[in-house]
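Below you'll find the structure, written out as structure tokens, and then a few comments.
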Amino acid sequence: MAIVFQKPHGLTDKAFHYCPGCTHGIIHRLVAEVLDELGIEGDTVGVSPVGCTYNNYEYFNCDMVQAAHGRAPAVATGLKRSLPGKTVFTYQGDGDLAAIGTAEIVHAATRGEKITTVFVNNAIYGMTSGQMAPTTLVGQTTTTTPFGRKPELHGYPVRVCELLSTLEGAVFVERVAVNNVQNIKKAKAAIKKAFQVQQAGLGFGIVEILSICPTNWGMSPAKSLEWLEQNMMEHYPLGNFKGKDLEV
Numbered sequence: 018m019a020i021v022f023q024k025p026h027g028l029t030d031k032a033f034h035y036c037p038g039c040t041h042g043i044i045h046r047l048v049a050e051v052l053d054e055l056g057i058e059g060d061t062v063g064v065s066p067v068g069c070t071y072n073n074y075e076y077f078n079c080d081m082v083q084a085a086h087g088r089a090p091a092v093a094t095g096l097k098r099s100l101p102g103k104t105v106f107t108y109q110g111d112g113d114l115a116a117i118g119t120a121e122i123v124h125a126a127t128r129g130e131k132i133t134t135v136f137v138n139n140a141i142y143g144m145t146s147g148q149m150a151p152t153t154l155v156g157q158t159t160t161t162t163p164f165g166r167k168p169e170l171h172g173y174p175v176r177v178c179e180l181l182s183t184l185e186g187a188v189f190v191e192r193v194a195v196n197n198v199q200n201i202k203k204a205k206a207a208i209k210k211a212f213q214v215q216q217a218g219l220g221f222g223i224v225e226i227l228s229i230c231p232t233n234w235g236m237s238p239a240k241s242l243e244w245l246e247q248n249m250m251e252h253y254p255l256g257n258f259k260g261k262d263l264e265v
């Protein structure tokens, strides 16, 4: 009997530790499928920073390096410059990339470092119990904004793709989501192209992925997906911001 669906070889057999309904597992699978399809599993180095995915070195079947909080782009820069023949990617959450790691990602992008960043945006600090993140929406309640995020007190949510797309060194910038089958397929295509952009030596690439955090949002997985569609997508519109027509 022909096998039509199975775990990608790019994932190990280790069971995920994520909360029920968390979409990190879907995103991990997409990255692993891309590694398989491009045949680069043995020539890839991933970088894990701090956050819910701090231990994704246990899940990806490729070389992995642990970085300090927010420093994944700096570690990836060193890896890529010293091992230019390797495909190097970072896998970062919004609390990591858009807060303590803001300078790191901005300067890696403006230098045009030939790395790929998979950026997971769930609008909250997931690992540390649900505090406000730079991407938390106006009015959204968190453990540190119990009455909702207020612009006059907390500022406005950071739109990472819009910011990085203004930098010359960033050549591929796209925002996707994993809320339904159609968008999951688009997310995989974007991740694959971001890796191909790196392989072609064109510059820095990032894919922002809108994700859910049912535990810290205090919602069921189904309600979380609805909330993402009705709220996050309004502030963070999906689409390609740079590099749509790149030939790779």
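Here the sequence shown is numbered in our numbering, starting from 18 and rising by one per residue.
The beta carbon of each residue, even a glycine, is placed where N, CA and C say it ideally should be.
For GLN23, there is no enclosing beta strand (DSSP E), as DSSP gives it neither H nor E.
A direct Cα-to-Cα measurement between PHE189 and TYR142 gives close to 26 angstroms. Below 8 angstroms, enough C-beta pairs join the region 41-57 and the region 190-201 to call them touching: three or more. Secondary structure of THR61 (DSSP, three-state): strand.
The Cβ atoms of GLY186 and GLY156 lie no closer than 7 angstroms to each other.
The C-beta separation of THR119 from ALA140 comes to about 16 angstroms, leaving the pair out of contact by the 8 angstroms criterion. Relative to LYS31, the option among ASN78, GLN213, LYS261 whose CA is nearest is ASN78. According to the DSSP assignment, LEU227 belongs to the beta strand (DSSP E) that extends over 221-227. Judged by DSSP secondary structure, PHE212 falls within the alpha helix (DSSP H) whose first and last residues are 198-216.
Taken through DSSP and simplified to helix, strand or coil, ASP80 comes out as strand. Distance check between TYR35 and each of PHE258, LEU255, PRO231 places PRO231 closest, using alpha-carbon atoms only. The residue from THR162, PHE136, CYS178, LEU242 with its alpha-carbon nearest to that of GLY172 is THR162. In the structure shown, the three-state DSSP call for ARG46 is helix.
Between PRO66 and ALA84, the beta carbon gap of about 5 angstroms places them in contact (Cβ cut-off 8 angstroms). Out of CYS178, THR70, GLY56, the CA that lies nearest to the CA of TYR253 is found in CYS178. For VAL188, the enclosing beta strand (DSSP E) has its first and last residue at 187-194. Here DSSP, grouped into helix, strand and coil, assigns LYS240 to helix.
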